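Each residue of the sequence shown is one higher than the one before, counting from 1 in my numbering.
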Amino acid sequence: MVAQHGDVHALKLASGAEPTAADSALCHSAQAVPTAVSPENAEAWSRAALACADMGVGTPSPQAAAWSLDDPAKVTAAATVVTTLSDTGHSGSLPQWVTAAELRSWAANPERLPSVSAYATVVRAYLIVGGSMDSEIREAIDRGMEAQRGCAQLPSLYRADPSQSGCDLKATWSAWKLTLLRGGQLRARTTPSGEPSKK
1 MVAQHGDVHA LKLASGAEPT AADSALCHSA QAVPTAVSPE NAEAWSRAAL ACADMGVGTP
61 SPQAAAWSLD DPAKVTAAAT VVTTLSDTGH SGSLPQWVTA AELRSWAANP ERLPSVSAYA
121 TVVRAYLIVG GSMDSEIREA IDRGMEAQRG CAQLPSLYRA DPSQSGCDLK ATWSAWKLTL
181 LRGGQLRART TPSGEPSKK
């Protein structure tokens, strides 16, 4: 049977504290963790690579041939590559074509991105590649968060996007990350408690 991206998550959930030989083999399988990343598979690669990292199994840096950063999906995919490489210990392998200058206009205009989660990923990638948390970006974060804040009986939580009437836990988690980024408190991958991840 060919390994799929979901198999990595299943192994993560089923595994104990120490990774097994099967964990290592799956995390080094190109069918489970792609060796080349594109806009179409960036999210799936990210989930698999992060699951392997959480198990304590390293994955090789993928190839990421340059693509244009001219629409929200492609920008979010590129930002996902940057943040995942950073979170899995591959900061030295960040794609050189994803620059702060390319991401700046997206970080400064949250309305151009489809969700709070996508915007949080782009802002974080922008900072990782050398962008500045200046007043324009802080104001953009405030604007983007305020636009998605609140739903019926849950005024402190966040909606995923303007079309949603209900709040969303992923969106709220992303807004929390944006708050930490805005205050300069999020430097590395963190857990929901705010404690630095041990991975």
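Glycine residues also receive a C-beta, built at the ideal position from the N, C-alpha and C atoms.
From a predicted model like this one, the values you see are computed outputs, not experimental measurements.
Item                                                                                                                                                       : Value
Look up Y158 in the DSSP assignment and give the residues it is bridged to.                                                                                : R149
Check each candidate in V33, G166, Q164, R159 and name the one with the smallest Cα separation from W173.                                                  : R159
What residue does the alpha helix (DSSP H) around A125 start on, and which one ends it?                                                                    : 116-128
Reducing DSSP to helix, strand and coil, say where A64 ends up.                                                                                            : coil
Given a threshold of 16 other Cβ atoms within 10 Å of its Cβ, counted over all protein chains shown, does W106 qualify as buried or as exposed?            : buried
With DSSP as the reference, please indicate the residues paired to A36 in a beta bridge.                                                                   : Q63
Taking three-plus beta-carbon pairs below 8 Å as touching, is the region 109-127 in contact with the region 76-88?                                         : yes
Give the C-beta separation of A64 and P95 to the nearest angstrom, bearing in mind that I take them to be a contact with Cβ-Cβ under 8 Å.                  : 5 Å
Suppose the cutoff is 6 Å on Cβ atoms and the five residues either side in sequence are ignored; what does the same chain contact list for Y119 look like? : P110, L113, G144
Cα-Cα, which of T88, E40, P39 is closest to C214?                                                                                                          : Here the chain covers residues 1 to 199 and nothing more, so residue 214 does not appear.
From L244 to R47, what distance separates their C-alpha atoms?                                                                                             : Here the chain has residues from 1 to 199 only, and residue 244 is not among them.
Count the other CB atoms within 10 Å of the CB of S132; is the residue buried (16 or more) or exposed (fewer)?                                             : exposed
By DSSP, does S165 sit in helix, in strand, or in coil?                                                                                                    : coil
Would you mind reading off the limits of the alpha helix (DSSP H) that contains M55?                                                                       : 42-55
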